[in-house]
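Heads up: the structure comes next, in structure tokens.
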Amino acid sequence: MKRAIITSITACLFLIPSIRVQSQNAELFYKAAGSPANPKVQVSWNKYNTNQGIADICNRLARAYPDLVSVESIGKSVQGRDIWLLTVSDKKTMDPGLKPGYWIDGNIHSIEIQGTEMALYTAWYLCEMYNENDFIKKLLGEKTFYIAPTINPDGREYFTSMTIPPRSGLAPRDNDRDGLIDEDGADDMNGDKQLSQIRRKNPNGQFIADPKDPRRMIRVEPGQKGEYEILGSEGIDNDGDGQINEDGPGSYDGNRDWGFNWEPNYIQSGADKYPFTFPEHQAMRDFVVKHRNIAGSQSFHNSGGMILRGPSIQSGYAEVFTRADETVINEIGKTGEKIIPGYKLLTIWRDLYTVWGGELDWMYGAMGCFVYSNELWTPYLMFNDSTNSDQYEFDRLLLFGDAFIPWQKINHPLYGEVEIGGFTKNFGRTHPGFLLEADAHRNAAFCIYNAYQLPKLEVRDIRVKNLSGGLKEVSATIENTRMIPTHSGNNLRYKIDPPDYVYIEGGSVIAGMIVENADLNITREQKKNPQRLEIPNIPGYLGSGTTGGFGGGFMGGGSFGGSSSNRVNVKWIVKGGSKYTIRVESVKGGRASAQSE
Ligand SMILES: [Zn+2]
22 MKRAIITSIT ACLFLIPSIR VQSQNAELFY KAAGSPANPK VQVSWNKYNT
72 NQGIADICNR LARAYPDLVS VESIGKSVQG RDIWLLTVSD KKTMDPGLKP
122 GYWIDGNIHS IEIQGTEMAL YTAWYLCEMY NENDFIKKLL GEKTFYIAPT
172 INPDGREYFT SMTIPPRSGL APRDNDRDGL IDEDGADDMN GDKQLSQIRR
222 KNPNGQFIAD PKDPRRMIRV EPGQKGEYEI LGSEGIDNDG DGQINEDGPG
272 SYDGNRDWGF NWEPNYIQSG ADKYPFTFPE HQAMRDFVVK HRNIAGSQSF
322 HNSGGMILRG PSIQSGYAEV FTRADETVIN EIGKTGEKII PGYKLLTIWR
372 DLYTVWGGEL DWMYGAMGCF VYSNELWTPY LMFNDSTNSD QYEFDRLLLF
422 GDAFIPWQKI NHPLYGEVEI GGFTKNFGRT HPGFLLEADA HRNAAFCIYN
472 AYQLPKLEVR DIRVKNLSGG LKEVSATIEN TRMIPTHSGN NLRYKIDPPD
522 YVYIEGGSVI AGMIVENADL NITREQKKNP QRLEIPNIPG YLGSGTTGGF
572 GGGFMGGGSF GGSSSNRVNV KWIVKGGSKY TIRVESVKGG RASAQSE
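Just remember that this note's numbering sits 21 ahead of the position in the sequence shown, which is counted from 1.
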């Protein structure tokens, strides 16, 4: 009997190989700088994960690092798939929900799959470096990461198991208004799970094969004779209406579905019925609304090598940035340009196009977060050269033709004999494998920098002075030692979160006040609840348009500016007590306390 039990336990262990913690024999390698020496969770960062792969990595991280990681499903997609979310924070230092939070998501657009790997890499890196690196350890003590590797699992499933998905998720829609739904999408005619281009021999065509690389089609000069015509993307007229591929699955824009500066489809194409039509975005909205500590966020897209910032509408409408927020968002974004070479900080409405109802705008406008959206991958990364973006040359010299489907003859029911071929779906907008890990690290580093710059509050300089009549004056300074304020301009304007509260404990409070100018003894008394002073905002050290130093404080780089705007002085008159505890509580700024001597 005993032996039978042991045997069955052993069998179970072998049946579930992913549970194993798979550190390698430490004698086999030597640590490279900045990467974990011997990850407990082995992951190759040169490939794209399926939904199952994402769940596997999330669960392995949660099992290997129970004190750092929790995994949960925050909701289901249109087709019923889980939307996984990782909470990464040092659970032993403080409840993760009480620390300033940083949100990361990826893949809202189905074909923009590598945001998922950037998000997963960030979670993995934080966990695997926690025991090796003091900076990461401290960061997870102070901050919480909320990481949703994909908020569009249906689109991802389509990409990894079928052909090229629509930009959207997969809720069925009648794109050509013929009363039928998704009846004429693209067709994978040769069964390679790709969607290729179609070319047909035609002496009057406008294209020839490039003599230098015959895979490339080039347009002939006016008056010259061509050899081919290009007939668009692989597919047939499934519903016999004389149009090809006019009603594929989905086709709306998930990033026009958010309830801030939202406009209907006739103003903002891609918008659906009403804000938050889709369950994926409802799930994220409900999570973020319940986690008010989320103070900054990143939503990964592709492509173009951009660090996008708001506003997305000229003049911003309800989203208009205050000068203080401008300063912070530009300062962090400029550092991002250094962290991720080839990526440029751009403002959406001015440098790209107008977006109504985007996720980024909702996160800033309605939730009061400091937000960026990185457009991942830029042709610059091919040759580290902004003047050469030749994909054919890159594929030839570095990928050895792996990203190109050679032209091949097939019989098309409408066009007759044609050839199909072209670049694979995993090239052009997404990273080739060998560049994926490097860019994942850089983008993770940008997220880490953002999270670091979320508020960090400290209570300092507590002074107790004896007054006449047994009264005492207790004063203290609350300082935010990071760039991001506890409240963005929009947070203050719309009262998204309550003010920051500063409490005093010990003795009974006669009066409480905010000291506006200590030298001139100008104070603002708070008559109601003086033991709990209300501070509307504690700016960061770059806030209020000060001339503070660049990058000050981050790993000892730079220097602090001379400004004192990131400090708030408070004072109480109390009776009784001997030791006083001053405690600050901020929804987005976290908590801190200190005691008098
Ligand atoms: Zn996108």
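From the three backbone atoms N, C-alpha and C, an ideal C-beta is built for every residue, glycine too. None of the values given here were measured: they were computed from a predicted structure.
Check	Outcome
Spatial neighbours of VAL340 within its chain, please: C-beta separation below 8 Å, excluding the five flanking residues on both sides.	Per the sequence shown, residue 340 should be read as Glu rather than Val. Answer for GLU340: PHE281, ASN282, GLY331, PRO332, SER333, ILE334, ASP382, TYR385, GLY386 and ASN511, listed in chain order.
Quick check: does the Cβ of GLU133 come within less than 6 Å of any heavy atom belonging to ligand 1?	yes
Would you say HIS452 touches ligand 1, meaning its beta carbon is less than 6 Å from a heavy atom?	no
Tell me, please, whether the segment 605-614 touches the segment 511-528 by the rule of three or more beta-carbon pairs shorter than 8 Å.	yes
Are three or more beta carbon pairs between the segment 127-143 and the segment 482-500 nearer than 8 Å?	no
If you draw a straight line from the alpha carbon of GLU255 to that of PHE321, how long is it in whole angstroms?	29 Å
Per DSSP, what kind of secondary structure is TYR179 in: helix, strand or coil?	helix
Taking Cβ positions, are PRO87 and GLU149 nearer each other than 7 Å?	no
Can you check which of these residues, GLU546, SER496 and GLN474, is closest to VAL349 by C-alpha distance?	GLN474
Quick check: ILE603 and ALA461, are their CB atoms within less than 7 Å of each other?	no
Mind the definition here: the segment 301-313 touches the segment 350-361 only if three or more C-beta pairs lie below 8 Å; say whether that holds.	no
Between which residues of its own chain and THR165 is the CB-CB distance below 8 Å, once the five residues before and five after are set aside?	THR108, VAL109, SER110, PRO117, GLY118, LYS120, PRO121, GLY122, TYR123 and ASN314
Measure the alpha-carbon distance for TYR601 versus LEU488 and round it to whole angstroms.	16 Å
So what's ARG237 in DSSP terms, helix, strand or just coil?	strand
Using only the alpha-carbon positions, how far apart do ARG277 and PRO186 sit?	18 Å
What are the complete beta strand (DSSP E) segments, minimum 3 residues, inside the segment 61-120?	90-97 and 103-109
Using a Cβ-based criterion (distance less than 6 Å to any ligand heavy atom), does HIS302 qualify as near ligand 1?	no
Just checking my contact of SER324 with GLU396 at CB under 8 Å: how many whole Å lie between their CB atoms?	6 Å
Counting only the same chain and skipping the five closest in sequence on each side, list residues whose C-beta sits under 6 Å from that of MET238.	PHE228
Just to confirm, is the Cβ distance from LEU420 to PRO453 under 7 Å?	yes
Using CA coordinates, which residue listed in THR451, ILE129, ARG81 and PRO60 is at the minimum distance from PRO300?	ILE129
Report whether the distance from the Cβ of HIS312 to the nearest heavy atom of ligand 1 is below 6 Å.	no
Would you check if there are 3 or more beta carbon pairs closer than 8 Å linking the segment 239-248 to the segment 210-230?	yes
Could you say which of THR114, GLY212, GLU48 and ILE132 lies nearest to TRP398 if we only look at CA atoms?	ILE132
Applying the 10 Å Cβ sphere with the 16-neighbour rule, what's the burial state of TYR295?	exposed
Measure the C-alpha to C-alpha separation of TYR623 and ALA466 and round it to an integer number of angstroms.	For residue 623 there is no data in the structure shown, the boundaries of the chain being 22 and 618.
From ALA424 to PHE180, what distance separates their C-alpha atoms?	16 Å
Measuring only the C-alpha atoms, how far is THR507 from GLU48?	47 Å
Given this structure, state the Cα-to-Cα distance separating ASP540 from ASN590, to the nearest angstrom.	12 Å
Cβ of HIS627 within 6 Å of any heavy atom in ligand 1?	As displayed, the chain neither begins before 22 nor continues past 618, which places residue 627 out of reach and without an answer.
Using the Cβ count rule (16 or more neighbours within 10 Å means buried), how would you classify PHE50?	exposed
Would you say THR451 and LYS477 are within 7 Å of each other, going by their C-beta atoms?	no
If you count every other CB in all the chains shown that lies within 10 Å of the CB of GLU500, and 16 or more means buried, which is it?	buried
Bridge partners of TRP124, per DSSP?	TYR167 and SER318
Comparing alpha-carbon positions, which option in GLN218, GLN412, THR184 and PHE455 lies nearest VAL439?	GLN218
Would you kindly report the start and end of the unbroken alpha helix (DSSP H) that includes LEU381?	380-386
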